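J.:
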Amino acid sequence: MKPGAVIDPAVKSDIQAALTRAEGEHGVRILHAAESGSRAWGFASPDSDYDVRFFYVHPRDWYVSIFPGRDVIEYPITGVFDINGWDLRKTLELSLKSNAIVMEWLTSPFHYRSDPAFAQSLKDFWLRVADRKALLYHYINMGTRQVDQNWRTRETIAVKKYLYVLRPAMALRWLRLRGENLQNLPMNMQELMDGCDLPDNIRAEVHALIARKANLNERQETGRITALDAFADHEYTEAGTLIASLPARKKNFAAEADEFLRRWVF
Numbered sequence: 040m041k042p043g044a045v046i047d048p049a050v051k052s053d054i055q056a057a058l059t060r061a062e063g064e065h066g067v068r069i070l071h072a073a074e075s076g077s078r079a080w081g082f083a084s085p086d087s088d089y090d091v092r093f094f095y096v097h098p099r100d101w102y103v104s105i106f107p108g109r110d111v112i113e114y115p116i117t118g119v120f121d122i123n124g125w126d127l128r129k130t131l132e133l134s135l136k137s138n139a140i141v142m143e144w145l146t147s148p149f150h151y152r153s154d155p156a157f158a159q160s161l162k163d164f165w166l167r168v169a170d171r172k173a174l175l176y177h178y179i180n181m182g183t184r185q186v187d188q189n190w191r192t193r194e195t196i197a198v199k200k201y202l203y204v205l206r207p208a209m210a211l212r213w214l215r216l217r218g219e220n221l222q223n224l225p226m227n228m229q230e231l232m233d234g235c236d237l238p239d240n241i242r243a244e245v246h247a248l249i250a251r252k253a254n255l256n257e258r259q260e261t262g263r264i265t266a267l268d269a270f271a272d273h274e275y276t277e278a279g280t281l282i283a284s285l286p287a288r289k290k291n292f293a294a295e296a297d298e299f300l301r302r303w304v305f
């Protein structure tokens, strides 16, 4: 799914209703809800789920209990809907660890609801505390989780798995080329490619792979693509080398995170 694509209005209405029910069932306020997963990444299949993710906040008294409450809301997958979210305190804790998913939910091309002031404030906070070295680790781990012991010897690979290895590789390249400028780190594959100064042959191969997935179910396989294998290997190797050269972050932003939380509880 390319930037500019839209979510079917009937589907969006169902998602909005589910978010409203979640607020009522859990006594929370949803501050931002967006599409994640393959639809937002730009390579959905006809049978892809809707991966709805959100940030929410509890009333103030919830945060001063002796026994901390559960900090996620999760629902069983129902039909094509996979819906869950993170409490704001958890979100801030993950931001302090430079968790890229926080920014990805903020930069998703599909928002189901969002408080503009909150979204901008969280984006500004994340950019202030994010550490490039930690982000490189994040995307290396995301990609290598997809590579099992048979990856290099298989003659065919699921198209979905190929793209799940390539998107982190693109993010690693983006981070390598952009230096310390983390502004607008994209989650969408096309936007990542636009910021990666890709060789024409790699861009063409990825576009062809995305086009194939758009017409296949999630389990369909493809033959090995030598250029993409080499590209992914190169980017993961380059990222590992870059990590070794970067210093560890020393500044502590916990006090700023506490202040952020206090501003948004109700």
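Here my numbering is used: the first residue of the sequence shown is 40, the next is one more, and so on. C-beta atoms are modelled at their ideal positions from N, C-alpha and C, and glycine is treated no differently. Every value quoted in this text rests on a predicted model; they were computed, and no experiment measured them.
Here's the rule I'm using: 16 or more other beta-carbon atoms within 10 Å means buried, otherwise exposed. How should residue 75 be labelled?
T.: The count along the sequence shown starts at 1 and reaches residue 75 at position 36. Result: buried.
J.: I'd like the list of long-range same chain contacts for residue 255, defined as Cβ closer than 7 angstroms, with 5 residues on each side in sequence excluded.
T.: Here residue 255 is taken as the residue at index 216 of the sequence shown, counted from 1. Excluding positions up to five away in sequence, the list reads 84 and 198.
J.: Suppose the cutoff is 7 angstroms on Cβ atoms and the five residues either side in sequence are ignored; what does the same chain contact list for residue 210 look like?
T.: Within the sequence shown, the letter at position 171 stands for residue 210. Exclusion of the five residues before and after residue 210 leaves 178 and 231 as the residues of its chain whose Cβ lies within less than 7 angstroms of its Cβ.
J.: Go through its chain and collect everything with a Cβ distance to residue 40's Cβ below 6 angstroms, but skip five positions before and after it.
T.: The residue labelled residue 40 in the question sits at position 1 within the sequence shown. Because the pLDDT of residue 40 is 46, which lies under 50, any placement of that residue in the model is unreliable, and the number read from its coordinates should be weighed accordingly. A distance below 6 angstroms between beta-carbons, with the five flanking residues on each side excluded, links residue 40 to the following residues of its chain, in chain order: 78, 81 and 83.
J.: Compute every distance between the C-beta of residue 295 and the non-hydrogen atoms of the ligand SAM, then say whether any falls below 7 angstroms.
T.: For the ligand SAM, the structure offers nothing, since it holds no ligand at all.
J.: Around the Cβ of residue 109, are there at least 16 other Cβ atoms within 10 angstroms (buried) or fewer (exposed)?
T.: Residue numbering aside, residue 109 sits at position 70 when the sequence shown is read from its first letter. Under this definition residue 109 is an exposed residue.
J.: Residue 157 and residue 70 - do their beta-carbons sit closer together than 8 angstroms?
T.: Position 31 of the sequence shown, counted from the start, is the residue given in the question as residue 70. Position 118 of the sequence shown, counted from the start, is the residue given in the question as residue 157. Taking C-beta atoms as the reference points, residue 70 and residue 157 count as a pair closer than 8 angstroms.
J.: Among residues of its own chain, excluding the 5 on either side of residue 152, which ones have a beta-carbon nearer than 6 angstroms to its beta-carbon?
T.: Mapped onto the sequence shown, residue 152 falls at position 113. Within the same chain, residue 152 has close Cβ partners 72.
J.: In terms of residues, what are the limits of the beta strand (DSSP E) holding residue 68?
T.: Taking the first residue of the sequence shown as position 1, residue 68 is located at position 29. Segment 68-75, the beta strand (DSSP E) holding residue 68.
J.: Determine, using beta carbons only, whether residue 125 and residue 103 come nearer to each other than 8 angstroms.
T.: Counted from its first residue, the sequence shown places residue 125 at position 86. Counted from its first residue, the sequence shown places residue 103 at position 64. Going by C-beta atoms, residue 125 is not nearer than 8 angstroms to residue 103.
J.: Note down the Cα distance separating residue 289 from residue 166, rounded to an integer number of angstroms.
T.: Within the sequence shown, numbered from 1, the residue matching residue 289 stands at position 250. Within the sequence shown, numbered from 1, the residue matching residue 166 stands at position 127. CA-to-CA, the gap between residue 289 and residue 166 works out to about 16 angstroms.
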